[in-house]
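*Asks:* There's a structure below that I have some questions on.
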Amino acid sequence: MSQPAMINRYRWYELVGIYAGIFVFLSFILSPFVEGFLVSLKPLGLLFSSPYRFWPENGSFEAYRTMWVSVPGFARYIFNSFLISTIVTAVVLVLVVPSAYAFARFKFRGSGALLAAFLAVNMFSGAVLLIPLFRLMRSLGVLNTYFSMIVPGVAFLIPSGIWLLRTYMMRIPRELDEAAFVDGASHFYTLRRVILPIAMPGITVVAITTFIGSYAQQFIFALTFNSKTEYMPLPIGLYAYFGRQEVIWNELMAASFVGIAPAVILIFLMQRYLVAGLTAGAVKQ
12 MSQPAMINRY RWYELVGIYA GIFVFLSFIL SPFVEGFLVS LKPLGLLFSS PYRFWPENGS
72 FEAYRTMWVS VPGFARYIFN SFLISTIVTA VVLVLVVPSA YAFARFKFRG SGALLAAFLA
132 VNMFSGAVLL IPLFRLMRSL GVLNTYFSMI VPGVAFLIPS GIWLLRTYMM RIPRELDEAA
192 FVDGASHFYT LRRVILPIAM PGITVVAITT FIGSYAQQFI FALTFNSKTE YMPLPIGLYA
252 YFGRQEVIWN ELMAASFVGI APAVILIFLM QRYLVAGLTA GAVKQ
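With the working numbering applied, the sequence shown covers 12 to 296.
Shown next as structure tokens:
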């Protein structure tokens, strides 16, 4: 006889506790987004009214229309962020895939120390390295260009990509490499024809996390290395809603939701591959 599903083995009060815990956890995670969306529906004059009302009275989507007028060129900011993140993701994948394969398959002197150094890079905030990065961007002649945000983005996101993809590739059986070598395949051919098709779920995870990371970390680099509006990314566009006298909170929230829409759509379209990549290798065959 087939065994019942593990979830059915819990008693009713245990299930209530499990779902209650999930509900509380999701409430903490989603409540800022719900509140931000409700703020975007409220008129600016009623945001700080007393007593506080959770559901907006006279709520409308007017802020989603006026936000484009308050910050002209906001669509350009969104395009710039999407373009920068796409280029960063492509460059990171080109560099990370062979590097992760080398760290996963080969043992060479200093590999452990090099991996530790990659991990240490993520411990440094971009603000700590602004001055040396500025001098580097100036010496390369890429200030006030897209490259002034692409180069730091690639540098900061490569280490995490290598660690993620290396862990995934280490779960791929080495017998596949050995079989390819017996047939006379080179390391590059083995990577391209044998490893890459199997590692696509892991590569997808790295691509999505890299895109989101690049989409979110552009503010400090753009503010320091760029002074031309036509190259500014989304975070700078959101910063424009902070006026000298007041902050246009409802339009800021509306612009935030519109700005993150490309990343949300990307995750929604790739969620099947994202889940597959995160769970692959969890059970050893």
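Where is the CB? At the ideal position from N, CA and C, for every residue including glycine.
Out of curiosity, what's the CA-to-CA distance linking Val-50 and Ala-251?
*Replies:* Their backbone Cα atoms lie some 18 Å apart in a straight line.
*Asks:* May I have the straight-line CA-CA distance separating Tyr-75 from Ala-266, to the nearest angstrom?
*Replies:* Each residue's alpha carbon lies about 7 Å from the other.
*Asks:* Between Leu-168 and Ser-225, which are expected to be in contact by the criterion C-beta below 8 Å, what is the C-beta distance as a whole number of angstroms?
*Replies:* Confirmed, Cβ separation roughly 6 Å.
*Asks:* Write down the C-beta distance between Val-92 and Asn-133 rounded to the nearest angstrom, noting that I regard them as a contact closer than 8 Å.
*Replies:* It is Ser, not Val, that sits at residue 92 in the sequence shown. The pair is not a contact, with the Cβ atoms about 21 Å apart (cut-off 8 Å).
*Asks:* Take every Cβ of the stretch 201–214, pair it with every Cβ of the stretch 81–99, and state whether three or more of those distances are shorter than 8 Å.
*Replies:* Verdict: no, contact absent.
*Asks:* Suppose you measure from the CA of Ile-206 to the CA of Gln-282; what does that come to, to the nearest Å?
*Replies:* Going from the Cα of Ile-206 to the Cα of Gln-282 covers about 22 Å.
*Asks:* From Gly-32 to Trp-23, what does the alpha carbon distance come to, in whole angstroms?
*Replies:* Their Cα atoms are separated by approximately 14 Å.
*Asks:* Go through its chain and collect everything with a Cβ distance to Ile-259's Cβ below 7 Å, but skip five positions before and after it.
*Replies:* Excluding residues within five positions, the ones whose Cβ falls inside 7 Å are Leu-55, Ser-81, Tyr-252.
*Asks:* Exposed or buried, what is Ile-29 when buried is set at 16 or more other beta-carbons lying within 10 Å of its beta-carbon?
*Replies:* Looking at its Cβ environment, which holds fewer than 16 other Cβ atoms inside 10 Å, Ile-29 is exposed.
*Asks:* Whether or not the stretch 61–72 and the stretch 182–197 are in contact is what I'm after, with contact meaning three or more pairs of Cβ atoms, one per stretch, closer than 8 Å; do they touch?
*Replies:* At 8 Å Cβ cutoff, the stretches do not touch.
*Asks:* Would a C-beta distance cut-off of 8 Å place Ile-95 and Pro-273 closer than the cut-off?
*Replies:* No. Outside cutoff.
*Asks:* With H, G and I counted as helix, E and B as strand and the rest as coil, what does DSSP make of Val-82?
*Replies:* Coil.
*Asks:* Among Asp-194, Lys-239, Gly-254, Leu-175, which has the Cα closest to the Cα of Ala-115?
*Replies:* Ranking Asp-194, Lys-239, Gly-254, Leu-175 by Cα distance to Ala-115 puts Leu-175 first.
*Asks:* Closer than 7 Å to a non-hydrogen atom of the ligand NAP - does that hold for the CB of Pro-163?
*Replies:* With respect to the ligand NAP, the structure offers nothing, as it holds no ligand at all.
*Asks:* For Leu-263, I'd like the list of residues in its chain whose CB is within less than 7 Å of its CB, leaving aside the five on either flank, ordered along the chain.
*Replies:* Around Leu-263: Leu-249, Tyr-252.
*Asks:* Going by the beta-carbon positions, is the gap between Ala-111 and Arg-204 smaller than 8 Å?
*Replies:* Their beta carbons are not under 8 Å apart, which means Ala-111 does not touch Arg-204 by this criterion.
*Asks:* Please report the straight-line C-alpha distance between Ile-276 and Pro-109, rounded to a whole angstrom.
*Replies:* In a straight line, the C-alpha of Ile-276 is about 29 Å away from that of Pro-109.
*Asks:* Whose CA, out of Glu-46, Leu-125, Tyr-21, Phe-36, lies closest to the CA of Phe-268?
*Replies:* Closest by alpha carbon: Glu-46.
*Asks:* Anyone know if the C-beta pair for Val-217 and Val-165 falls short of 8 Å?
*Replies:* Going by C-beta atoms, Val-217 is not nearer than 8 Å to Val-165.
*Asks:* In the DSSP assignment, what residue or residues form a beta bridge with Val-258?
*Replies:* Note: Val-258 sits in a beta bridge opposite Phe-253.
*Asks:* In chain order, what residues of the same chain lie with their CB nearer than 7 Å to the CB of Glu-25, ignoring the 5 residues before and after it?
*Replies:* Here the set comprises nothing.
*Asks:* If we ignore side chains and look at the alpha-carbon of each, how far apart do Asn-261 and Phe-230 end up?
*Replies:* Roughly 21 Å between the two C-alpha positions.
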